[in-house]
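Novice:
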Amino acid sequence: MNFKITVLSGDGVGPEVMAEGLKVLAAVGSKYGHNFKLENELIGGVAIDRTGSALPAETLKSCKKADAVMLAAVGDPRFDDPKLPVHPEDGLLALRKGLGLFANLRPVKVFDELVNASTLKPEVLKGTDFIFVRELTGGVYFGKPKKEWMTPKGRKATDSMTYSEQEIERIVRVGFELARARKKRLVSADKANVLKSSRLWRQVAIEVSRDYPYVALTHALVDACAMQLIRPPTAFDVIVTENLFGDILSDEAAQLAGSMGMLPSASLAGIPVSGQPTFGLYEPIHGSAPTIAGRDIANPVATILSVAMMLRYSMGLETEALTIEHSVDKILKQGYRTDDIMASGNTRVGTRKMGDLIAAEV
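Residue numbers for the sequence shown, in this note's numbering: 9 to 370.
What follows is the structure, given as structure tokens:
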């Protein structure tokens, strides 16, 4: 089969981890007879340097013509000054909006071999395997008004958390679709005791649940959910929530796995129903980590697992996706580790070597 993929390596360690993800993708193509046509484009700080825009028009055009998009990381400390007119992260937000990527999936799985990598007790973590579904194009990040102004008493600023029932309905439905193929448990995290938008969220979630009588829906206030994530994380199967809450909760949950370098993500433009391919963007959840760029120590596993998600959700290649996931598992079982997950008795390897090992296992 033939597929077109737009590749956005971005900033910092992005090009390094992307190279390993593509190395594994090439191994999959060779094994199963697929042809993956790659088109490299700019985003983030490197795009600002070359074009003045964090998301050049050519990049967005290429993404819209692709079957899927692979992104590594954006971010550069040279653009940290909030007074600058453009920032690398602007490109990511514009890309999500421009491609209609409303559903962000972040699986959180604790590998048995890494159960000691987290700061939590192994007996609390063992068996943790759930997935976040985060609404990605609405809420406080995109709500209007969004402004800062001067008053006689000083400066003020506002950001508006706004959701329509249609936006809520589609993201909650993604949660239900994933839950029905897993353990049939869905937690909807909101702040319905305080926020009007969360009260609407809860109402719509209940309405959608009528289409999924075999999935158990429970509601959790977001602060209570944050607490439960580090108490019995094995209690969760699928968690669905709005943009800001999902951003915070999923980064907290990343530490359950011991490192952000282990966790992939998918941002989808459609509802993944019964394995039918849908357009998506795939990326590790970690940032550009500029302080370790070029040192061959970044963990490429999250990018490699993002490749697996791309094969599953945008190409319908479940066997190929499982091949990558099983290969990662085998390499970890053999004791190979990058710096971020290194422990006594393991074999330390660099970014390129980890990619080589997983590609060879494929």
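Virtual Cβ for every residue (Gly too), placed ideally from N, Cα, C.
#1: For a quick check, are the C-beta atoms of Lys-31 and Ala-74 less than 8 angstroms apart?
#2: Identify every run of the beta strand (DSSP E) within the segment 77 to 125, keeping only runs that are complete inside it and at least 3 residues long; order them along the chain.
#3: Under 7 angstroms Cβ to Cβ from Gly-22, same chain only, skipping five residues before and after it: list those, please.
#4: So within the segment 175 to 230, which uninterrupted beta strand (DSSP E) runs reach at least 3 residues, ignoring any that extend past its ends?
#5: Give me the residue from Pro-308, Ser-196, Glu-121 with the minimum Cα distance to Ala-224.
#6: Just to confirm, is the Cβ distance from Leu-107 to Ala-277 under 8 angstroms?
#7: Rounded to a whole number of angstroms, what is the C-alpha to C-alpha distance between Lys-338 and Glu-369?
#8: Could you tell me which whole beta strand (DSSP E) segments of length 3 or greater appear in the segment 331 to 369?
#9: Could you tell me whether the Cβ atoms of Pro-64 and Leu-50 are closer together than 8 angstroms?
#10: Are Pro-85 and Pro-292 touching if we call contact CB-CB under 8 angstroms?
#11: Is the beta carbon of Val-179 less than 8 angstroms from the beta carbon of Val-248?
#12: What's the C-alpha gap between Ala-165 and Pro-153?
#13: Between Tyr-222 and the rest of its own chain, which residues show a CB-CB distance below 7 angstroms, the 5 nearest in sequence each way excluded?
#14: Tell me, please, whether the segment 264 to 272 touches the segment 299 to 311 by the rule of three or more beta-carbon pairs shorter than 8 angstroms.
#15: Taking the alpha carbon of Val-54 as the point to measure from, which residue in Gly-83, Ala-27, Ser-70 has its own alpha carbon closest?
#16: Could you please give me the residues that DSSP links to Asp-137 through a beta bridge?
#17: State the DSSP-derived secondary structure class of Gly-269, mapped to helix, strand or coil.
#18: Write down the C-beta distance between Leu-146 and Thr-170 rounded to the nearest angstrom, noting that I regard them as a contact closer than 8 angstroms.
#19: What separation, rounded to the nearest whole angstrom, lies between the Cα atoms of Ala-102 and Ser-352?
#20: Look up Ala-232 in the DSSP assignment and give the residues it is bridged to.
#21: How is Ser-38 classed by DSSP in three states: helix, strand or coil?
#22: With the cut-off set at 8 angstroms, would you say Leu-257 and Leu-109 are in Cβ contact?
Specialist: With the given structure in hand:
#1: Counting from one through the sequence shown, the residue named residue 31 turns up at place 23. Counting from one through the sequence shown, the residue named residue 74 turns up at place 66. No, these two residues do not count as a Cβ contact at 8 angstroms.
#2: 111 to 117
#3: As a working note, residue 22 is residue 14 in the sequence shown. Result list for Gly-22: Ala-80, Ala-81, Ser-296, in chain order.
#4: 193 to 198, 224 to 229
#5: In the sequence shown, counting from the first residue as 1, residue 224 sits at position 216. It is Ser-196.
#6: Counted from its first residue, the sequence shown places residue 107 at position 99. Counted from its first residue, the sequence shown places residue 277 at position 269. Cβ atoms of Leu-107 and Ala-277: closer than 8 angstroms.
#7: Counting from 1 along the sequence shown, the entry for residue 338 is found at position 330. Counting from 1 along the sequence shown, the entry for residue 369 is found at position 361. Put simply, the backbone Cα of Lys-338 is about 8 angstroms away from that of Glu-369.
#8: none
#9: Indexing the sequence shown from 1 puts residue 64 at position 56. Indexing the sequence shown from 1 puts residue 50 at position 42. Yes; because the gap between Cβ atoms is below 8 angstroms, this pair is in contact.
#10: Counting from one through the sequence shown, the residue named residue 85 turns up at place 77. Counting from one through the sequence shown, the residue named residue 292 turns up at place 284. No, these two residues do not count as a Cβ contact at 8 angstroms.
#11: Residue 179 sits at position 171 when you count from the first residue of the sequence shown. Residue 248 sits at position 240 when you count from the first residue of the sequence shown. A quick correction: the sequence has Ile, not Val, at residue 179. Cβ distance < 8 angstroms, so Ile-179 and Val-248 count as in contact.
#12: Here residue 165 corresponds to residue number 157 of the sequence shown, with the count starting at 1. Here residue 153 corresponds to residue number 145 of the sequence shown, with the count starting at 1. One C-alpha to the other measures close to 10 angstroms.
#13: For this step, residue 222 is matched to residue 214 along the sequence shown. Around Tyr-222: Arg-188, Lys-192.
#14: The answer is yes - the segment 299 to 311 touches the segment 264 to 272, with three or more Cβ pairs under 8 angstroms.
#15: Taking the first residue of the sequence shown as 1, we reach residue 54 at position 46. For the residues Gly-83, Ala-27, Ser-70, the minimum Cα distance to Val-54 belongs to Gly-83.
#16: Within the sequence shown, the letter at position 129 stands for residue 137. In DSSP, Asp-137 forms a bridge with Lys-117.
#17: What you label residue 269 is simply residue 261 of the sequence shown in a count that begins at 1. Three-state DSSP puts Gly-269 in a helix.
#18: The sequence position of residue 146 within the sequence shown is 138, counting from 1. The sequence position of residue 170 within the sequence shown is 162, counting from 1. Before going further, note that residue 146 is Gly rather than Leu in the sequence given. The pair is a contact, with the Cβ atoms about 7 angstroms apart (cut-off 8 angstroms).
#19: By 1-based counting over the sequence shown, the position of residue 102 is 94. By 1-based counting over the sequence shown, the position of residue 352 is 344. About 43 angstroms.
#20: On the sequence shown, position 224 is the one that residue 232 refers to. DSSP output for Ala-232 lists no bridge partner at all.
#21: The residue labelled residue 38 in the question sits at position 30 within the sequence shown. Looking at Ser-38 - three-state DSSP - the assignment turns out to be helix.
#22: Stepping through the sequence shown from its first residue, residue 257 is reached at position 249. Stepping through the sequence shown from its first residue, residue 109 is reached at position 101. Cβ distance not < 8 angstroms, so Leu-257 and Leu-109 don't count as in contact.
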